[in-house]
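> Residue numbers (this note's numbering), protein chains in the order written: chain A, 6 to 322; chain B, 6 to 322. Glycine included, C-beta positions come from ideal geometry on N, C-alpha and C. My questions will all concern the structure given below.
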C-alpha cells in the first residue's frame, strides 16, 4: 500500500521534533529483574511532554505541515493521549486543534485537551461514530487530519522512541510495547527492522480488547467494536497501515487480564516510583505471564503514558 | 568540632559508591515552571536504589569500613529510609545490619528493612528511646554505628547527590532540600560551598516539625521531641555536626503546613508522573508559598524519596 513510512522518515522525524520533546530516561528495577529473571529497561514516556509518547507523532505531523496547510488547523479523533498531544503540538505551532472524543473518554484526558487550548467535539464511543464525526468537522474546516495511528507521519514520530532506546541500550533481545491501533508498535517495527532486526518485537494487549491477537491468529485484520478495558488507550483496532508492520515484524501478541494489568500497574507505582496508566502496564503484565519466554534476556519495555485520574483510580485498592 | 567532612571526602565518596547506586535523572515540568515562575530542576532520588537518597550515605559508610570492622556488622536507629538503605548496603557487602525503629515507623519502611535482610529492634517513638536502645545493642554486638545523619561518612555520601545535580545543571540560583536531622542539607552545603558558593541553599521544613527553623531564629540548636508530621522523614532534630553546616551555609529555613505538603505531593504525582513521599514534597510546597522569592530563578529541588504506602496513603483523596 501507499504511504508506508520509511527509516529515512524516522531520522527526519527525530530531527524535526527534538526541540519540542523530552529525551525520556530509561529506568531499571533490580526487584523486577529478579522477579522475572530478565534484565528490563523501561523507556519512560510517561515522563514525556503531555505525559505520553503521543507527543512524538503529533509534533512530527504538525511541524511537518506547510505554513498554508498549518493555517487551516488540525483535527483528529482520540480517546485520550493523542488528543492532548495534538492540542499541545498545535499550541506550540500556534494553530487550531479540534478533537473528536467519545463521551466516555477519561475526564483527565479531556481536561488535558482544554488545558492546551484544543477544542473538543463529543461523539458516541464507537469507531464508526468517531470517524463520521471527524469527517463532518473536516469538511467544514479544511483542517489537516492527524489520525492517532493510521498516519505515516505519526508512525514515523512514534518510531523515535525506540530509536532512543536503541541508542542508549545495546543488544536488546526483545522490545515489548502495548498495542491498541498499532501506531507505536508500527513505529517500533519500522525503526528496529533497520536498526536491530534480530530484536524480537512483542505486542502486549488486554485480553478484553484482543483484536490484534485475533488478527495475528487469522492472518488478517479482525476488528472488534466497543471493546472495554481498564487499559483505555488500547481499545482501538488495527488499520491496513499498522497491520502492514504488525503482520511482518511482530513476533507475537501476548495477552493480560484486567486484574493482571492493574496488578502490574500498581507494582510499577510501588517499586519504580513512577505513575503509569493502565495501558502502560500491559507489557509488564505479559512478562509476568510469560516469564520463561524472557528468561535471561535483555528486554526493553515502552512505558507509554502516565495520564491517570488519581482521584478516581482503578489501581488504588 | 572534630570529624567535619571535607570536599575531598565527597569526591572519595562518589568514587566509592558509584558501583552501587543509580545516577538519578533530573526532571522538569513546564506546568510547574509556569505555575511558580521559575525554572525548576528536580533531582529524582525517589528513583534511587531503595527509593531514597539515603542509599548514598549508607553505601559510603559501609564500603569505607575495614574488613575487620565490617565483620562486626552495622547498626543504626531510623524511622525510615536510612533503615532500608543501611540494610541494602550491608546486604551488598554481605554483613549484618541491625536497625532500631520506632513502633510508629511506616510499615513499608519496616518491610524494606526485612526485604534486604536487616534485623529490626522496636522502641518508643522518641529520640531518647531510639538512642538508648541503639546503645544497648551496640554494647552487645560491637557493630559499627552508622547514624542516619550525624556521621561524617553519611554527610559526605549524601553530598554526592548535589554534586551530580551541579554537574548536570549549570548556574543554579538556589537549591532547596528538605530538612529533618540535616544530613542531606549538610551534604548539600558541603558540596556547594566548594562547587558553587553563590548558589543559595534553602531548607524546607514542615511547620509541624520546625526545630530547624527555630534553631536558625535562636542562633543555636533548638530540639523538639515527638514532632508529628505527615512528612515522616523530617521529624528528627539537628545535631552539632549538621548544625555546623546549617548555621554557616543555609540562607533560610522555609515552612509548609501539612495540607500544603500533601497538596504539593499530589501535584507532583499528577503532573510529573512520579511517586514521591510527603517529605519530598516540602521543597515544592515552600516554593508555592514563596513564589516571589524564586521568581525568574533556576532552582534545584532534591526529591528525597518515594517510599509511601500506596494502600494507606494520605495524599489519595
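Assuming contact is defined by CB atoms lying nearer than 8 Å, are residue 305 of chain B and residue 177 of chain B in contact in what I supplied?
Counting from 1 along the second chain, the entry for residue 305 of chain B is found at position 300. Counting from 1 along the second chain, the entry for residue 177 of chain B is found at position 172. It is a contact, given that the beta carbons lie within the stated cut-off.
> To which residues of the same chain is residue 25 of chain A closer than 8 Å at the C-beta, ignoring the five residues directly before and after it?
Reading the first chain from its first residue, position 20 is the one you call residue 25 of chain A. Cβ neighbours of residue 25 of chain A beyond the five flanking positions: 54, 60, 64, 68, 94 and 97.
> Which residues in the same chain have their Cβ closer than 7 Å to the Cβ of residue 70 of chain A, if we skip the five residues on either side of it in sequence?
Stepping through the first chain from its first residue, residue 70 of chain A is reached at position 65. Closer than 7 Å at Cβ, skipping near neighbours: 149.
> Secondary structure at residue 10 of chain B, three-state DSSP: helix, strand or coil?
Along the second chain, read from residue 1 onward, the residue named residue 10 of chain B stands at position 5. Looking at residue 10 of chain B - three-state DSSP - the assignment turns out to be coil, as it is neither helix nor strand.
> Report the rounded CA-to-CA distance for residue 240 of chain B versus residue 153 of chain A, giving the unit in angstroms.
Working through the second chain from its first residue, we reach residue 240 of chain B at position 235. Working through the first chain from its first residue, we reach residue 153 of chain A at position 148. Computed Cα separation, rounded: 49 Å.
> Please compile the residues from chain A whose C-beta is within a distance smaller than 9 Å of the C-beta of residue 26 of chain B.
Here residue 26 of chain B refers to the residue found at position 21 when the second chain is read from its first residue. Neighbours of residue 26 of chain B on chain A: none; closest Cβ ~12 Å, over 9 Å.
> Under a Cβ-count criterion, where at least 16 other Cβ atoms within 10 Å of its own Cβ denotes burial, should residue 163 of chain B be classed as buried or exposed?
Numbered from 1 along the second chain, position 158 holds the residue referred to as residue 163 of chain B. By the neighbour-count rule (16 or more Cβ atoms within 10 Å), residue 163 of chain B is buried.
> Between residue 322 of chain B and the rest of its own chain, which residues show a CB-CB distance below 6 Å, the 5 nearest in sequence each way excluded?
Counting from 1 along the second chain, the entry for residue 322 of chain B is found at position 317. With a pLDDT of 47 at residue 322 of chain B, under the threshold of 50, the modelled position of that residue is not reliable, and the figure given next carries that caveat. Same-chain partners within the cutoff: there are none.
> So is residue 177 of chain B in contact with chain C if we call contact Cβ pairs under 8 Å?
Within the model displayed, chain C is absent; protein chains A and B are what it includes.
> Tell me the start and end of each unbroken beta strand (DSSP E) in the region 116-171 of chain A that is at least 3 residues and wholly inside, in chain order.
List check, beta strand (DSSP E) in window: 124-128.
> Could you round the C-beta distance between residue 291 of chain A and residue 181 of chain A to whole angstroms and report it? I think they count as a contact, below 8 Å.
Residue mapping note: residue 291 of chain A aligns to position 286 of the first chain, counting from 1. Residue mapping note: residue 181 of chain A aligns to position 176 of the first chain, counting from 1. About 7 Å; that satisfies the 8 Å criterion.
> Taking a cut of 8 Å between CB atoms, which residues from the region 264-287 of chain A lie near chain B?
Residues passing the 8 Å Cβ filter: 271, 274, 275, 277, 278, 279, 280 and 281.
> Along chain A, which residues have their Cβ under 7 Å away from the Cβ of residue 51 of chain B?
Here residue 51 of chain B refers to the residue found at position 46 when the second chain is read from its first residue. Residues of chain A passing the Cβ test: 278.
> Just to confirm, is the Cβ distance from residue 247 of chain B to residue 301 of chain B under 8 Å?
Here residue 247 of chain B refers to the residue found at position 242 when the second chain is read from its first residue. Here residue 301 of chain B refers to the residue found at position 296 when the second chain is read from its first residue. It is not a contact, given that the beta carbons lie outside the stated cut-off.
> Using the Cα positions of residue 311 of chain A and residue 274 of chain B, report the straight-line distance between them to the nearest angstrom.
Within the first chain, the letter at position 306 stands for residue 311 of chain A. Within the second chain, the letter at position 269 stands for residue 274 of chain B. Rounded to whole angstroms, residue 311 of chain A to residue 274 of chain B spans 10 Å at the Cα level.
> Taking the continuous alpha helix (DSSP H) assigned at residue 189 of chain B, which residues delimit it?
Position 184 of the second chain, counted from the first residue, corresponds to residue 189 of chain B. Start and end: 188-200.
> Which class does residue 303 of chain A belong to by DSSP, given the choice of helix, strand or coil?
Here residue 303 of chain A refers to the residue found at position 298 when the first chain is read from its first residue. Looking at residue 303 of chain A - three-state DSSP - the assignment turns out to be strand.
> Counting only Cβ pairs nearer than 7 Å, list the residues of chain A close to residue 311 of chain B.
Along the second chain, read from residue 1 onward, the residue named residue 311 of chain B stands at position 306. 278, listed in chain order.
> Tell me, please, whether the region 11-21 of chain B touches the region 260-274 of chain B by the rule of three or more beta-carbon pairs shorter than 8 Å.
No, they do not touch.
> Distance check for residue 81 of chain B and residue 16 of chain A, CA to CA, integer angstroms please.
Taking the first chain and counting its residues from 1, the one referred to as residue 16 of chain A is at position 11. Taking the second chain and counting its residues from 1, the one referred to as residue 81 of chain B is at position 76. Cα to Cα, residue 16 of chain A sits roughly 53 Å from residue 81 of chain B.
> So is residue 111 of chain A in contact with chain B if we call contact Cβ pairs under 8 Å?
Here residue 111 of chain A is taken as the residue at index 106 of the first chain, counted from 1. Chain B, which has no Cβ nearer than 8 Å to the Cβ of residue 111 of chain A, makes this no.
> Is the shortest distance between the beta-carbon of residue 30 of chain B and the beta-carbons of chain A less than 8 Å?
Residue numbering aside, residue 30 of chain B sits at position 25 when the second chain is read from its first letter. Yes, contact with chain A.
> How would you call residue 317 of chain A, buried or exposed, if buried means at least 16 neighbouring beta carbons within 10 angstroms?
Position 312 of the first chain, counted from the first residue, corresponds to residue 317 of chain A. Exposed, because fewer than 16 other Cβ atoms sit within 10 Å of the Cβ of residue 317 of chain A.
> Comparing the CB of residue 230 of chain B with every heavy atom of the ligand ATP, is any distance shorter than 7 Å?
As for the ligand ATP, it is missing from this structure, which has no ligand bound.
> So that I know if they touch, is there some Cβ in chain B lying closer than 8 Å to that of residue 56 of chain A?
The residue labelled residue 56 of chain A in the question sits at position 51 within the first chain. It does; some Cβ of chain B falls within 8 Å.
> By DSSP, does residue 322 of chain A sit in helix, in strand, or in coil?
Locating residue 322 of chain A in the first chain gives position 317, counting from the first residue. Any reading at residue 322 of chain A must be qualified, since the residue scores a pLDDT of 47, below 50, and its modelled position is unreliable; the value itself is stated next. Residue 322 of chain A: coil per DSSP, three-state reduction.
> Kindly indicate the opening and closing residues of the beta strand (DSSP E) around residue 257 of chain A.
Counted from its first residue, the first chain places residue 257 of chain A at position 252. Looking at the DSSP string, the run of the beta strand (DSSP E) that includes residue 257 of chain A is 257-261.
> With 16 other CB atoms within 10 Å as the buried threshold, where does residue 43 of chain B fall?
Start at 1 with the first residue of the second chain, and residue 43 of chain B comes out as number 38. So residue 43 of chain B ends up on the buried side.
> Please give the ranges of any alpha helix (DSSP H) in the region 53-110 of chain B, keeping only runs that are unbroken, at least 4 residues long and fully inside the region.
List check, alpha helix (DSSP H) in window: 59-68, 72-76 and 86-98.
> Can you give me the start and stop residues for the alpha helix (DSSP H) that residue 41 of chain B sits inside?
Taking the second chain and counting its residues from 1, one reaches residue 41 of chain B at position 36. Element bounds for residue 41 of chain B: 35-41.
> Given a cut-off of 8 Å, decide if residue 251 of chain B and residue 190 of chain B are closer than it, judged by their beta-carbon atoms.
Position 185 of the second chain, counted from the first residue, corresponds to residue 190 of chain B. Position 246 of the second chain, counted from the first residue, corresponds to residue 251 of chain B. Against a cut-off of 8 Å, the Cβ pair of residue 251 of chain B and residue 190 of chain B comes out as a contact.
> Can you tell me whether residue 205 of chain B is helix, strand or coil according to DSSP?
The count along the second chain starts at 1 and reaches residue 205 of chain B at position 200. Here residue 205 of chain B sits in strand by DSSP.
> So, at 7 Å on beta carbons, what are the nonlocal neighbours of residue 29 of chain A in its own chain, with the 5 sequence-adjacent residues on each side left out?
In the first chain, counting from the first residue as 1, residue 29 of chain A sits at position 24. 48, 49, 50, 52 and 53.
> Given that a residue counts as buried once 16 or more other Cβ atoms are within 10 Å of its Cβ, and exposed if not, what is residue 296 of chain B?
Taking the first residue of the second chain as 1, we reach residue 296 of chain B at position 291. Burial call: exposed.
> Let me check one thing: in DSSP terms, what residues is residue 310 of chain B bridge-paired to?
Against the second chain, residue 310 of chain B aligns to sequence position 305. Residue 310 of chain B is bridged to B/57.
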